Every structure is written in structure tokens, then in C-alpha cells.
Amino acid sequence: MKNLSSLARAFTAIGILALHLSAPAGAATSGAPAKPTVVLVHGAFAESASWNEVVRDLRARSFPVVAAANPLRGVKSDADYVAALVGSIPGPVVLVGHSYGGLVISAAAIGKPNVQALVFVAAFAPEVGESAADLSGKFPGSTLGSALAAPVLLPDGAKDLYILQDKFGKQFAEDVPPALARLMAVSQRPITEGALGEASPAAAWKNLPSWFIYGDRDKNIPAAAQAFMAERAKSMKTVVVKGASHVVMISRPKLVARLIVEAADAVAVATAMP
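Going by the UniProt record's numbering, the final residue of the sequence shown carries number 274, and the count climbs one at a time with no gaps.
Structure (C-alpha cells):
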């Protein structure tokens, strides 16, 4: 009987090992919480491709990811657009915003119970009624105004803003390889002048756990302003990247991805709790 019992245990162990080895790569075990979807929202003068390296890192960790095409037309309308996207996603979501995208996620998360966390990447985290212009001017250090090209007048009377291509690298992406910065200058997405002055309709960070990361050499949003917003939002964790520019997600993608993963892991654990 003793030999039969030992043999049974051996076959059981082999069966469990075989089952484990036959599972698809990246498949979650029954005890592992499901991974939330990460929705990335770019800001002004950037585009969805600005998240490429962060996306690559997150996908390597088996996270579902969507890089939204932020319209950059106005805070409320952009937030409605992102909110509709979020509403189409089943399960929990971590919303990540860069720069002006921080205003967008702060409003888009309202009324979306599947949004479980916010991550601000060199981003605005506004109080209700505050605008990007208000917050960037709250502390000295932003040189964006002098780097802008003449506004482009649109048929509806709105004005589109671009950064001058010959000033783009120094202003926006000083720690990015020059060849890449030149490409970014050409492919930059404009934002309306009105969007930068539009008051935020909501502040989702008041009710959602939030994480912050930014560079100490940001010339668009002064580091002091970002520190103020992170403290006001009672940030779960704030990472200040030495020497990083405004596009920290391009120059330091692994650090940004790591913080997003921390936020996502916290969401996964909280969601799995009874």
C-alpha cells in the first residue's frame, strides 16, 4: 500500500506539472488577479506614438493597452471622447495622462466605475475650475510661450498652436536624441489655444488613487508645479526623474512603465479582494 500511495503522489505531481507546461504563455493562474487595461492619453504637441516604448514594456508584461488618440480640441470634449473609449472596455482600467492629458483623464474618469487608478506623467492634475494655463503659470520656469509658432486660424475661429520646429527639441524633448526630436517636431499634434485656457470640469484624483512621475528639467510644466499637484492629490507615489524633460515617457520609458505597473498591480490586488 505504501508503494501504491507513493506512486499515486508521483503521477499527481506529473499531471500538475504537465498542466502547467501546457498553459498558454502569459496565462493567469486561478490565484492571480486579472490585469487591468492601461489606457494612455497623450498631451499637446505629442501623439499616440509617444507611448510606443511604454506600450512595448507593458505588453511584454501581458497588460492590455490602448493608446488613445486625444483630439486636443477642448478639455470637456476630449474628456468625453476618452470617457466613451473607457466605457467600451470591460473590466478595470488604469488611466494614464501626459501633460494636457492629465486634465483629460481627471474629467474622463468621472462616472466611470471601471477606472480604478490615475497616473500623471509630467501632467496637469487640476482642481475644478483650473486650466493648463493657470497651473503652468502658478510657478516660474515654463518657457513654452516663447517657443510657440504664430497661431493657425481655423475656419471655426479657433486657433491651433504648434511649437516652432527649430525650438521643439530644447523646449519639449531636450533629453531625447536630436534625430528623434526632429521627427517629433514634424509629427507634433497641435492643440487649440482655447483648450489650454479651458477650466477643468472635474478632479477625479480626489476620489481615485493617483501616481505621479515627472522630470526635474521640464520646461513646459515647472517641476515645482508638478510637485504641488502631486502633494495636493495625496499621491500614492511620486517619482522625480533627474535630468528628464517634458517627454519623460520617451526618454525614460522603463521608469514610466514601472510606475504604471505599480499602479496596475495595486488595482489588480484591490479588485481581487472580496
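Just so you know, even glycine gets a beta-carbon here, dropped at the ideal spot from N, CA and C.
What you are looking at is a predicted structure, and each value in this text was computed from that prediction instead of being measured.
Delimiting residues of the beta strand (DSSP E) encompassing G97: Locating residue 97 in the sequence shown gives position 97, where the first residue counts as 1. For G97, the enclosing beta strand (DSSP E) starts and ends at V93 to H98.
So who's on the other strand from T37, going by DSSP bridges? In the sequence shown, residue 37 corresponds to position 37, counting from 1. DSSP lists V93 as the bridge partner or partners of T37.
What did DSSP end up calling I163 once you bin it into helix, strand or coil? Position 163 of the sequence shown, counted from the start, is the residue given in the question as residue 163. Taken through DSSP and simplified to helix, strand or coil, I163 comes out as strand.
Is it true that the CB of F168 sits closer than 7 Å to the CB of A185? Here residue 185 refers to the residue found at position 185 of the sequence shown. Here residue 168 refers to the residue found at position 168 of the sequence shown. Closer than 7 Å, so yes.
Suppose you measure from the CA of A132 to the CA of M236; what does that come to, to the nearest Å? Counted from its first residue, the sequence shown places residue 132 at position 132. Counted from its first residue, the sequence shown places residue 236 at position 236. Straight-line measurement puts the Cα of M236 at about 23 Å from the Cα of A132.
Measure the C-alpha to C-alpha separation of N207 and E231 and round it to an integer number of angstroms. Counting from one through the sequence shown, the residue named residue 207 turns up at place 207. Counting from one through the sequence shown, the residue named residue 231 turns up at place 231. Answer to the nearest angstrom: the Cα atoms are 15 Å apart.
In three-state DSSP terms, what is G141? Along the sequence shown, one-based indexing puts residue 141 at 141. Assignment of G141 by DSSP, reduced to helix, strand and coil, places it in the coil class.
Among L40, S50, H42 and A44, which has the Cα closest to the Cα of L183? Taking the sequence shown and counting its residues from 1, the one referred to as residue 183 is at position 183. A check of alpha carbon separations from L183 across L40, S50, H42 and A44 identifies S50 as the nearest.
Within its chain, find whatever has a CB closer than 6 Å to the CB of A266; leave out the 5 residues flanking it on each side and keep chain order. Translated into positions along the sequence shown, residue 266 becomes position 266. Cβ within range, chain order: n/a, list empty.
Going by C-alpha to C-alpha distance, which of Q188, L58 and R217 sits closest to F45? As a first step, residue 45 is located in the sequence shown; it is residue number 45 there, counting from the start. Checking every option, the nearest Cα to that of F45 belongs to Q188.
Would you tell me roughly how many angstroms separate the C-alpha atoms of Y162 and M229, rounded to the nearest one? One-based indexing of the sequence shown puts residue 162 at position 162. One-based indexing of the sequence shown puts residue 229 at position 229. When rounded, the distance between both Cα atoms is 26 Å.
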